[in-house]
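>
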Amino acid sequence: MATSQPGQEVFDAYPELARQISALCERPPWRITGVSALLYDEAYIYFEVSKPKHWRRRADGVFFVGLGGIGGSIEEGETALGCLEREAQEEIGLALEVISASEVHFIYEETWRASLAIERRAHPLPILFTISANLYRQREL
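When you read off a place in the sequence shown, starting at 1, and then add 3, the result is the number in this note's numbering.
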């Protein structure tokens with residue numbers, strides 16, 4: 004992992020996250036490229052429909068459309084939380100109240116691989132890392 008990668012503040016607060024991701028990755032080095040958040044209020048959990056390039060059709064014809072949280076790519080020099088705040092303003096026009104998780108889960112190539120219960124620290128703990136080879140962006144990384 005690079006020492007000044009996007010999202011580095013998360014790994015400064017929770018170095019065990021970087022160790023877990025490094026253990027899962029088949030081809031280091033790795034890099035955080037984006038962030039997202041699930042939004043909820045007293046009545047609903049809000050999801051965003053994924054971009055069509057991420058939709059899939061199985062051999063039997065069943066069509067899968069992804070759901071996720073608001074978010075996007077981390078820009079150069081931006082922190083993970085800074086990216087989340089910017090994306091919230093761009094996508095829904097609102098500020099977010101970020102709530103720290105008590106457990107983080109790791110999905111690698113669409114398969115659950117690990118969960119860690121971690122004591123909360125000064126930086127909010129993410130609830131989920133989705134990890135993939137991301138070969139379509141390899142040259143950028």
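Positions of the beta carbon are idealized from the N, C-alpha and C atoms, including for glycine.
Does DSSP put residue 20 in a helix, a strand or coil?
It is helical.
> Helix, strand or coil: which one does DSSP assign to residue 83?
Helix, per DSSP.
> Hey, is residue 39 close to the ligand SAM, as in C-beta under 7 Å from one of its heavy atoms?
In the structure on display, the ligand SAM does not appear, and there are no ligands present to speak of.
> Here's a check: name, in chain order, each residue in its chain whose Cβ is nearer than 7 Å to the Cβ of residue 129, leaving out the five neighbours to either side.
These residues qualify, in order along the chain: 13, 104, 107.
> By the three-class DSSP mapping on this structure, what secondary structure does residue 50 have?
Looking at residue 50 - three-state DSSP - the assignment turns out to be coil, as it is neither helix nor strand.
> May I ask you to list the residues that DSSP assigns as paired with residue 134?
Bridge partners of residue 134: 111.
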